[in-house]
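Here the structure comes first, spelled out in structure tokens, and everything after it is commentary.
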Amino acid sequence: MENLIALLIAAPLLGAAVLLTGGRRLDRVGHWIGTLLSAASFVFGLILFADLLGKNAEHRTLIKHLFSWVPVAGFQADATLRLDQLSMTFVLLITGVGSLIHLYSVGYMEHDERRRRFFGYLNLFLAAMLLLVLADNYLLLYVGWEGVGLASYLLIGFWQHKPSAATAAKKAFLVNRVGDMGLSIAIMLMFATYGTFAFGPVLGHATDASEGKLTAIGLMLLLAACGKSAQVPLQSWLGDAMEGPTPVSALIHAATMVTAGVYLIVRSGAVFNAAPDAQLAVTVVGAVTLLFGAIVGCAKDDIKKALAGSTMSQIGYMILAAGLGPIGYVFAIMHLVTHGFFKAGLFLGAGSVMHGMNDEVDMRKYGGLRTYMPVTFVTFGLGYLAIIGFPGLSGFFSKDKIIEAAFAKGGTEGWILGGAALLGAAITAFYMTRVMLMTFFGEKRWQPDENGNEPHPHESPRVMTIPMIVLAVGSVFGGAFFSIGDRFLHWLEPVTGHSEGHSPVSAWTVTGATMVCLVIGVGIAWAQYGRRTVPAVAPRGSLLTRAARRDLLQDDFNHVVLVRGGEHLTRSLVYVDHTLVDGVVNGTAAGFGGLSGRMRRLQNGFARSYAVSMFGGAALLVAATLLMRAV
Amino acid sequence: MSFPLLTATAALPAVGAVATAAVPAAQRTAAKWLALLVSLATLALAITILVRFDPGGARYQLTESHAWIADFGVRYELGVDGIAVALVALTALLIPFIVLAGWNDADPLETGSRRWRPTQGFFALILAVEAMVIISFEATDVFVFYIFFEAMLIPMYFLIGGFGDRAHAQGEAAASTQRSYAAVKFLLYNLVGGLIMLAAVIGLYVVAGSFSLVDIAHARASGSLHMATSTERWLFLGFFFAFAVKAPLWPLHTWLPNAMQEATAPVAVLITAVVDKVGTFAMLRFCLQLFPEASKWATPAILVLSLISIVYGALLAVGQRDIKRLVAYASISHFGFIIMGIFAMTSQGQSGATLYMVNHGLSTAALMLVAGFLISRRGSRLIADYGGVQKVAPVLAGTFLIGSLATLSLPGLAPFVSEFLVLVGTFTRYPAIGIIATIGIVLAALYTLVLYQRTMTGPVKPAVSAMPDLRARELVVVAPLIVLLIFLGVYPKPVTDIVNPAVKQTMSDVHKTDPKPSVEAAK
Amino acid sequence: MNPVNYLYLSALLFTIGATGVLIRRNAIVVFMCIELMLNACNLAFVTFSRMHGNLDGQIIAFFTMVVAAAEVVVGLAIIVSLFRTRHSASVDDASLMKL
Amino acid sequence: MSPQLAAYTTSTGEAFQFWVLATVAVIGALCTVFMKKSVHSALSLAGTMIVLAVFYLANGAYFLGIVQIVVYTGAIMMLFLFVVMLVGVTAADSLKETIKGQRWLALLCGIGFGVLLFAGIGNASLKEFDGTGRANANGNVEGLASLIFTKYVFAFEITGALLITAAVGAMVLTHRERTERARTQRELSEQRIREGKHVPPLPAPGVYARHNAVDIAGLLPDGTPSELTVSKTLRERGQIRDVSAEALGDLKALEQRAEERLERTAIEPTTFKRSEEASK
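Line order of the protein sequences matches chains A, B, C and D. The end of the first sequence is residue 631 by UniProt numbering, with every number in the run present. The end of the second sequence is residue 523 by UniProt numbering, with every number in the run present. The end of the third sequence is residue 99 by UniProt numbering, with every number in the run present. The end of the fourth sequence is residue 280 by UniProt numbering, with every number in the run present.
Shown next as structure tokens:
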């Protein structure tokens, strides 16, 4: 059974290798190879899941030692895989949603001449992501961590001929690298502290180390999570990452990769539990991001960027939950899974809309699409209801639990965090309703483009709608399935631990408040976008709107401070290197050259001149002799 | 007496160099094939060394010792430890690729004069460099090492000054001037370093009465040879200066960008992947073994310099407009890592540094050679002259990307393992320096990806629209390197197994032990 | 009078000769100045011989004369051949040592 | 002469002789250096040498004194004069310095060196002296001979070798080897025709000139002096007397005097020219 764990990774890895080196002769079947291998991985996952379910809760951890990876004195990095309930959850999410999106991409990328390569990258992503969640030590996790970053880089920049895509890809990788710096420092800290970075020894004996060390490790892990999960202050790449093909946005930048940060924090729960300061930082980052993302999401007219803001915000919820400690871990993961369903569904829906609208992304040029694309409308609508937390749908269960847990944190912090989460819920309702109304309701607002091609909205082919339907089913029933009887809680508890907090308010009050927020959010959106016609050109908007359109000026800050500053720094350094460092050497050389030029003039070729020197030398010798005798 | 394997490995390319140079002017192709065959045969010998080397055995193996200049106690002594074996193998491995990559680089532009034989000279010089580098790795006599360490400059000088990129933008005259400037700069920098080292070598003889590394190290370890603290420090500085120039370490680095910029890509690889390694290798072998106390004394300063190298090299790489210069500054950054690993004085750091030397050789070779293929197609080194290459030459772009990713130490590729080992090794002893060095990781991503973005992505520029993709010969050069990069990234154990015992020995030479994890230390 | 005055005279003549070598350009005159210097030396040797009461100084002076004679012969031959080729006896004209 | 030991002073006669002759020697030396013509220098030097010969004799070096006069002053100085004659007796050197700072440096060095030598001699304790009386007891020449053929025999032999070498060397240096057959007059004339210059015989000096001395270049019909008219040796020595400027000055003065005498106007030459043209 353990060998199957390795196969989980091997299948998509093989796919990537075959597809990327296979050459053009695989162009016609490449996408099916990719999809098949992804599905195979899912099947392996299901088999393993069944195997785990058949065991006692305490024995649901499988370890597979593959080989000794980096054996250096005192430094043992092994290629060891670990499958427990937490990673199992991820495996199923990744391979399941991944396979669906592979299927969807078959249709979506049909007309792209580089489709084979696209599937190669997708498979590469799956392999890396699986490695990330299956690794048994932090260094191996790091390999997966950067591996998904690479896949993300390749996929965001898939349409490399567009400079914006290439820039976005580079930006994503760079911002992620800043986060990776955190992860590598965290690993170094672990090594310096525990002499190892395998999960077992580190997490098992986390409390052996001082709290200061643990806080440092926790903060570094948080930095890593911020990079990967697009949390403030490293969130700027996610919006630009929407330059990638939509299935990529659905899989990587909504359902799986961006949630890796949550995985990391939950996985390292033992470290955070012993470092309250780090935990506080996590919750603050989560709360800030959930509001930040929500506000940005409200202002965007680009459907994908609006959804990206939403993703940021939802992951903020998860991080917030993860920062709450044992009371929140399970709910963070639960929200992660349900979010995986509905956000992937929403993105696929958006992709379907774009597919029918000649790749138009501006929602102000949509409108009234519900009659043209009924299946997309229904599946998107279900996803919409799920994300805003409509009672009974999956988002309702998972988000409600997080808000409750935030209150349960207790004290002032609890009130602030809970309040932020509630506010976030209201804003979520607002912006999602806005997206829904602008896209599917109202009058049609599209016009012929400059080439005179008027879009002819149409429903997408079966191969695209089936994944959407499956995901919609998941978004509708997932939450209820997990929550009723606390199934999910019992499943994960052995890994993450769980404790009930002491909420100052009752669960029903929280639910009620959430509902009120929901209604307010939807109502405002309806008043603004449902009753009135949406202008096809964006109005100027208030100061806040304009700031939110520009990602709350964070990019401008980055540009001015980091990009411009960096450019000036490097330019001046190039100058310094050329004039100063090189100049010292060249100056020395020139000095010697000049000196010898002067000296050379003494060598005028006249014998008499030389004779003077000789005579002077003789005089000096005499003088020296006399001096010596005198002394 | 057993077969002198080490001598043979160094002598074969030397003989090959003479033979290649002697090929008649008309038989250009024969000279190329001869050079390739010799380099492959050398590789076979190097592999034999690798096989016959027993990691668990004596420190120096396959030793040879003959009297040479008896009056000065100079003996022709060779021997390899794990570190040397790894580097000999790297050198022997890279030369065939360099030969193959430079296959057409030295063809005469016009086939007029029958006496003019640049092709023969080019390959003969490469083989000569190989011979000298290999014997420098093998020498366990300081004097023998010094001779070849210095003699290497002569063929390198001609390789840099004599052969450059084709179709230079500013015309052949300007290119020739810049080439000779670069070559002279290379020579002067290294000569100054070498002269200072010569003084230290003589000083060492005066103090120790022997040139034998083994004898001196043994005498030092057993306490029978006592050096005054200041003497040891001066001698150490003399040796270190030469190696720091060669390596190169900030602020002695400025010759490298010029040399790499002006030389052809294969020669640039030869400089940075092979020749410069002698500098870092010698730090590990000579500085630490001969002068353990002085090495420890100088450690903080050297670590700071290497840190500056890392960050400074990376920042300058970001600011470059010339592809080859960019790679050169990236190499300076990487050499900073290597030196940092050596002087971190931990087993992780030193193993990592040794591994880094091998991996950096592979990754730079991959990136630089592909860059060379790119440059030879467009006839320009300026990044701004490219754009959208991946559209017209996807394989070239793909290999270039993998080379870039190796340069930025992506996990899964070989350089990651070594870079992380160096960082961890440094961090356990000097946390602050380790943390600052991680900035290098981010900057590496910046310069490589900016390079990739500007050259390979975006709309196709008219000048590159007809660019052919990699040819079979070029693919033969690049593909094995990439396979090796991936293999050593996933499974570096074969190399670490060879290197670890040698590092353990070195650590005991400097009387250092790894810091204990703080949890254990607290108990 | 003490014979040491001969030494002073010798020194004076030597200095005059040396200065002459440096000042004059005509190779023949330069040669004469050299002869002057040699003679000054000879005077010193002879004086020393007297002061020490043995003949070794005179022997040395004698040898100096012989060597000077040989030198003059060769030197003048050089001057003549130089004059033939360069049509000048000026030492400044032969500045081939200049880079 | 009775042997005299550890004397402190010489006879007054010698002192008188010293002061007088030393003055002469120094003046001679200075003249050697500062005379413009090398002949004068050579003669001054000869004078100094003779003075030195006298001093040798006074110091008991009888043999050397004679040798100085016979060999040095007689032979070597004559050799000098011979060469001077060869190179140009009358050629006067310009004493103007051409190398910047040379003269001042030379003087500085000379003075410095002299001062140092004087200081050195002054510092040495040379209060007493032995005199050559005992050394010359068996005769000066015998004394020298016994030293030369015993103690200094090898040096003596080597000087012999040196002299022979020098003689041979001088011959080699001055001797011009004729590497080819001497060309006949016919061949020479043919060569001149082939080269196409100076086909007719070289003009004689003084042609059209107002002088006919050998060192004065003849004037060409247009009045410019032609160096070809002067013998090659003089040309090489640079001993051509250029009288053209002088002659022109004379001519001008003559014409002016003639004009004053005849009260001619300046128009005349032009009319003369015109008539010349008319005659053509």
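We put the beta carbon where it would ideally sit given N, CA and C, even for glycine.
Looking only at C-alpha atoms, which of the options sits nearest to residue i?
i	options	result
Ile323 (chain B)	B:Pro517, B:Asp509 and B:Arg454	B:Arg454
Ala172 (chain A)	A:Pro539, A:Gly244 and A:Ser99	A:Gly244
Gly102 (chain B)	B:Leu5, B:Gly372 and B:Pro431	B:Gly372
Ser331 (chain B)	B:Phe291, B:Gly349, B:Ala406 and B:Gln178	B:Ala406
Phe63 (chain D)	C:Thr64, C:Val67, C:Val66 and C:Gln58	C:Gln58
Tyr121 (chain A)	A:Ala57, A:Leu518, A:Glu110 and A:Gly30	A:Gly30
Phe286 (chain B)	B:Pro480, B:Met197, B:Ala479 and B:Val15	B:Met197
Leu53 (chain A)	A:Thr89, A:Ile33 and A:Leu20	A:Thr89
Met357 (chain A)	A:Phe347, A:Leu346, A:Leu369 and A:His161	A:Leu369
Gly497 (chain A)	A:Ser268, A:Leu183, A:Trp159 and A:Leu126	A:Ser268
Exposed or buried, residue i, counting other C-beta atoms within 10 Å across all chains shown (16 or more means buried)?
i	result
Gln85 (chain A)	buried
Thr184 (chain D)	exposed
Asp222 (chain D)	exposed
Lys55 (chain A)	exposed
Ile193 (chain D)	exposed
Ile69 (chain B)	exposed
Gln447 (chain A)	exposed
Asn104 (chain B)	exposed
Glu35 (chain C)	buried
Met181 (chain A)	buried
Phe149 (chain D)	exposed
Thr85 (chain C)	exposed
Can you tell me which residues form a DSSP beta bridge with residue i?
i	result
Tyr76 (chain B)	B:His66
Lys64 (chain A)	A:Leu81
Asp141 (chain B)	B:Ser212
Gln76 (chain A)	A:Pro71
Gly218 (chain D)	D:Ser226
Asp301 (chain A)	In the DSSP output, where bridge partners are listed per residue, Asp301 (chain A) has none listed.
Contact defined as beta carbons within less than 8 angstroms: I believe residue i pairs with residue j. What is the distance between those atoms, to the nearest angstrom?
i	j	result
Val175 (chain A)	Trp237 (chain A)	4 angstroms
Leu187 (chain B)	Leu153 (chain B)	6 angstroms
Gly147 (chain A)	Leu131 (chain A)	6 angstroms
Gly424 (chain A)	Leu291 (chain A)	6 angstroms
Gly164 (chain B)	Thr264 (chain B)	6 angstroms
Thr215 (chain A)	Ala275 (chain A)	4 angstroms
Leu62 (chain A)	Met1 (chain A)	7 angstroms
Leu324 (chain A)	Lys409 (chain A)	5 angstroms
Phe331 (chain A)	Ile402 (chain A)	5 angstroms
Is any heavy atom in the ligand FMN found nearer than 7 angstroms to the beta carbon of residue i?
i	result
Asp136 (chain A)	In the structure on display, the ligand FMN does not appear, and there are no ligands present to speak of.
Residue i to residue j, Cα distance in whole Å?
i	j	result
Leu284 (chain B)	Leu326 (chain B)	27 angstroms
Leu30 (chain D)	Thr229 (chain D)	39 angstroms
Thr246 (chain A)	Gln314 (chain A)	19 angstroms
Arg550 (chain A)	Asp556 (chain A)	8 angstroms
Ile135 (chain B)	Thr91 (chain B)	11 angstroms
Val612 (chain A)	Arg24 (chain C)	12 angstroms
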